[in-house]
Amino acid sequence: MSAGPVQQSLAALRLVDHHCHGVVTADPDREGFESLITEGGAWPGISPFDSPVGVAVRRHCAPLLDLPRHAPPEEYLARRAELGRYEVDRRFLAAAGTDVFCVDTGFAPDRLTTPRELAEVVGGAAYEVVRLESVAEAVAAEGVEPDAYADVFRAAAWDAVRRPGVVAVKSVAAYRTGFDLDPVRPPDPEVTEAARRWLARSGRLDDPVLVRHLLWTAVDLGLPLQLHTGFGDSDIRMHRVDPTLLTDWLHLTSGTIPVLLLHCWPYQRQAAYLATVFEQVYLDVGLTLHYVGPARARAILEEALEITPFRKLLYSSDAYGVAEFYHLGALAFRHGLAELLQDRVDADELSRPDALRISGWMGRDNACRVYGLPLSHGEVRA
Amino acid sequence: MSAGPVQQSLAALRLVDHHCHGVVTADPDREGFESLITEGGAWPGISPFDSPVGVAVRRHCAPLLDLPRHAPPEEYLARRAELGRYEVDRRFLAAAGTDVFCVDTGFAPDRLTTPRELAEVVGGAAYEVVRLESVAEAVAAEGVEPDAYADVFRAAAWDAVRRPGVVAVKSVAAYRTGFDLDPVRPPDPEVTEAARRWLARSGRLDDPVLVRHLLWTAVDLGLPLQLHTGFGDSDIRMHRVDPTLLTDWLHLTSGTIPVLLLHCWPYQRQAAYLATVFEQVYLDVGLTLHYVGPARARAILEEALEITPFRKLLYSSDAYGVAEFYHLGALAFRHGLAELLQDRVDADELSRPDALRISGWMGRDNACRVYGLPLSHGEVRA
Amino acid sequence: MSAGPVQQSLAALRLVDHHCHGVVTADPDREGFESLITEGGAWPGISPFDSPVGVAVRRHCAPLLDLPRHAPPEEYLARRAELGRYEVDRRFLAAAGTDVFCVDTGFAPDRLTTPRELAEVVGGAAYEVVRLESVAEAVAAEGVEPDAYADVFRAAAWDAVRRPGVVAVKSVAAYRTGFDLDPVRPPDPEVTEAARRWLARSGRLDDPVLVRHLLWTAVDLGLPLQLHTGFGDSDIRMHRVDPTLLTDWLHLTSGTIPVLLLHCWPYQRQAAYLATVFEQVYLDVGLTLHYVGPARARAILEEALEITPFRKLLYSSDAYGVAEFYHLGALAFRHGLAELLQDRVDADELSRPDALRISGWMGRDNACRVYGLPLSHGEVRA
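Chains as they are written, first to last, in the UniProt record's numbering: chain Z, 1 to 382; chain D, 1 to 382; chain C, 1 to 382.
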């Protein structure tokens, strides 16, 4: 990629990562590392290194560990262990060029850094995203009567979002029921009855009535709502997480809270449609970008941006566990978006000032606008 | 784009626009113009000019108003108002290079030009497409007994299509129920019962039985049926307008009328599949092409044409309201199709005579064939 | 396409075609040939030659019959008849560079070559894939009591797969019911009841309970299961053959048999997702590649490989009837994969050794691994 003005501008842009997780707080062994770089598993004879994301790690991350490009997995992991996680995290986070992190703190099968710990690695700002299913499950774990569930959950959610630094809530309804839900707010007796069933069997929140209730509670909280859509691990039923299944709910909640569709692949066009016709809908292609790698990032962004208003796409890495993904996500985003925009500038389909403005919006300002974050001086403004 | 022989041929081809609407008959103000160039709305802080179609208007339409490429929206709108709608319409319609217009006259939230008024701007030919939902709603508005509904609607539809210049009917079932309908022709008592419910509450025709009845009435009328599929405004439930949901109905109606799938995005591959396996099915990517703009028109056409017989894709603009869209639709079609075909010729994957023949078919002759329009002298013939 | 090292390597690679059919044993006339090169029909005024696959035949097959590229259909068919089927088959199969054929023997509306006859044309190896619906239908045709159906079908399936050379089973559930089935193994009384209904009316196996039973019988047989997904003729209901509809069944059968998703288009991304998150799932884009032709093969492979582990994609032609398709499928695969990989090598996104390894895996070794075929000396190994 030759470095035109759009590339240069995007390369220098300090990103706002509007959706990510923490880094594991212990150096992973090979199996641990491999399981962190796949949405599948580490299977005999099928190493996650032999996949697009594995190739991208060896190509784009190895040099930051002082290794040649395309270093073999063994060398990569040995050098990674040698440097240790603090140095590894510092290098990748510095390379990411991200200085604002909105961190989903509600998913931690591994021990992860806190938002503050993550951001401090590069002297950045940390904000928190509250995962509402985790709030509900904590309420259940502490014990609650079914007829008190709605009130106790609501109070717990309010407590969670009132903490300093919280800028959004998130739902993983995609993983629990999918989106083919009755869109209407469930009446109280129905919630109580559903809570009775759920509390009796414990486990994760996957009752359709309670998931609906959770989404409507998000509306009441008034903060932007991040929604996992599309790509994820094998717990997803892909045909039930097409975001257009939310259309009726989006009509009912129009004029209330911003809704941010995360990941979206392979439904990036469907997400783009919603972002085009609903004022409150936004999208990103986080997670997708590092899994497809820089070689396909542009293609995904092309589809995500086909009809999408430029104010509606945000940057996220959705990095989880390994610091490599903050770097890869940012790299793939900058690379893909810059190629797309620079080519349009070169073909005179887009003016250079417009391309620069769009870069700043998508990499930073759109997130600041949606979450009410301060725009640093020197950054692009609307 | 360098101008190879395919580009030159497509640039010179007089197009048949087999599906479009009229132009507003009053000069729109900024808000009005912005609302006409989006399938969403005009929202605070998110101007429709800041989107792919807005960029395309500034790039490709501004020069026709004597402005520099990429002129700012304010200058664009000021110059547009200064010239006035007659001159604006004349310039864009002349630039479109379209001389046959098949106009859907059944949707007019704004005051629009008639087919004749539209075509006369460039001395072209006008044909009419009768929107069957509008016919049914007019029947209801005039008052009808439920048990007479089927007959009165049928008679009204026959009257509508017998008028001179009518070449097709259209249904917006996509907007009313989607396509996951019982494919079988509804029996009379069921139609009467559905009419009773619908007539009692009035409003637009969205009863599933009556929508089915409407589609079967189209079969009886014997004219080609245009069907909105895919992309549209927020009234669409995207997951219910995948055209392959029509498969059972297409089997039942095989051997009767041609069915033209309009717009299709993001289901252009699904539409292409149907056009490949059903003799009576055709498709276009109208509406889509000006919304994605020339920068992505080729990509959409590539998908729409992946497996599609060359006799099965037609050109339409689906322009509505603003004259810019006749120009942009035609430009994106010519540009995208020419790039696609010329590259295949250059790679020796396609012969030049075949590329020229395909251009003529898709831009003009396929529509003439389906609708029985006269082929002008000098045009490509099968 | 300039011939970089990846192209050269792929051009020389002897392919394993893990899913194909036989060639017709009589020289087809024009109508017969045309009906064999379309998933639609041969319709008045719409020749299958006027489609992407028809263009590909004229471009890439004509020279092998000593005709100029892009020869007209008439000349093509005349020369084909002149040479006769033995010579035609020999030329195309030799050009395909395939030396292992896994042949589905259960679909033969035309008289076809046996696997051995097919492979012997080029001195290759033949393996057989048993289509389970054909086994079940043979059981019904021979007569069976409903309460014996399950046992007799199971015994017949065991007999079929125990024959020498059988390496896999196949199901065309996609054509019969689609994949929105109850994923659970049906209990015996339910199978008996369903058999009673089906045997009473005869015809092809399309009862949902018996199709489920068939899929679970495949699990018991222990061989890899090939599943038609996506693209096919008009018997497909495309919205019911999205492979992600199988997710619950894949969870229930995890750890049992390999499942190979065939064709997949337009669901190649959905299939890639399943191959990424389920250890036992693999995919190909056979059938699709020759129908889209070399001009679009790369684009399809790009989508199929976006996130897919490199061990998970296999080569197949899904050729049926005409020898042209073994050649076209192989050509489109080599051409598309080589372009994709070489560009990544040229952009330094992938190392050359990795590209060569991936080529060998996808063209040959992945199939050998899944089906337990011997790897010839000189071939790439994991």
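Think of the CB as a built atom: it goes at the ideal place given N, C-alpha and C, for glycine as much as any other residue.
Burial state of residue i (16 or more Cβ within 10 Å)
i	result
residue 9 of chain Z	buried
residue 303 of chain C	buried
residue 66 of chain C	exposed
residue 171 of chain D	buried
residue 184 of chain C	exposed
residue 198 of chain Z	buried
residue 202 of chain C	exposed
residue 62 of chain C	buried
residue 327 of chain Z	buried
Nearest to residue i (by Cα), restricted to the options the options
i	options	result
residue 69 of chain D	Z/23, Z/141, Z/273 and Z/345	Z/345
residue 57 of chain C	C/329, C/366 and C/359	C/329
residue 279 of chain D	C/234, C/112 and C/196	C/234
residue 28 of chain C	C/288, C/52 and C/77	C/77
residue 85 of chain D	D/34, D/26, D/49 and D/36	D/26
residue 224 of chain Z	Z/237, Z/155 and Z/253	Z/253
CB contact check: residue i to chain D, cutoff 8 Å
i	result
residue 462 of chain Z	Outside the modelled stretch of chain Z, which goes from 1 to 382, sits residue 462 of chain Z, for which no answer is possible.
residue 354 of chain Z	yes
residue 362 of chain C	no
residue 336 of chain C	no
residue 45 of chain C	yes
residue 31 of chain Z	no
Three-state class that DSSP yields for residue i in the structure shown
i	result
residue 383 of chain D	Lying outside 1 to 382, the shown extent of chain D, residue 383 of chain D is not represented and no answer is given.
residue 333 of chain C	helix
residue 349 of chain C	coil
residue 131 of chain C	strand
residue 360 of chain Z	helix
residue 70 of chain C	coil
residue 209 of chain D	helix
residue 158 of chain D	helix
residue 46 of chain Z	strand
residue 267 of chain D	coil
residue 101 of chain D	strand
residue 1 of chain D	Confidence at residue 1 of chain D is low in this model, with a pLDDT of 46, below 50, so its placement is unreliable and no value can be given for it.
residue 383 of chain Z	Limits of chain Z in this structure are 1 at one end and 382 at the other, which puts residue 383 of chain Z out of reach.
Contact with chain C by residue i, beta-carbon distance below 8 Å
i	result
residue 76 of chain Z	no
residue 370 of chain Z	no
residue 231 of chain D	no
residue 101 of chain D	no
residue 351 of chain D	yes
residue 295 of chain Z	yes
residue 228 of chain Z	no
Cutoff 8 Å: residue i Cβ touching any chain Z Cβ
i	result
residue 89 of chain C	no
residue 52 of chain D	yes
residue 379 of chain C	Residue confidence for residue 379 of chain C is low, a pLDDT of 42 falling below 50, so the modelled location carries little weight; the figure read from the coordinates is stated next. By this cut-off, residue 379 of chain C is not an interface position.
residue 41 of chain D	yes
residue 92 of chain C	no
residue 282 of chain C	no
residue 339 of chain C	no
residue 309 of chain C	yes
residue 291 of chain D	yes
residue 270 of chain C	yes
residue 383 of chain D	No statement about residue 383 of chain D is possible, as the shown extent of chain D runs from 1 to 382 and does not include it.
residue 382 of chain C	Per-residue confidence for residue 382 of chain C stands at a pLDDT of 36, beneath the threshold of 50, marking its modelled position as unreliable; no derived number is given.
residue 142 of chain C	no
Rounded distance between the beta-carbons of residue j and residue i, thought under 8 Å
i	j	result
residue 389 of chain Z	residue 272 of chain Z	The structure shown does not extend to residue 389 of chain Z, since chain Z spans only 1 to 382, so no value can be given for it.
residue 215 of chain D	residue 249 of chain D	7 Å
residue 310 of chain Z	residue 51 of chain D	6 Å
residue 135 of chain Z	residue 107 of chain Z	So it is not a contact: roughly 12 Å between Cβ atoms.
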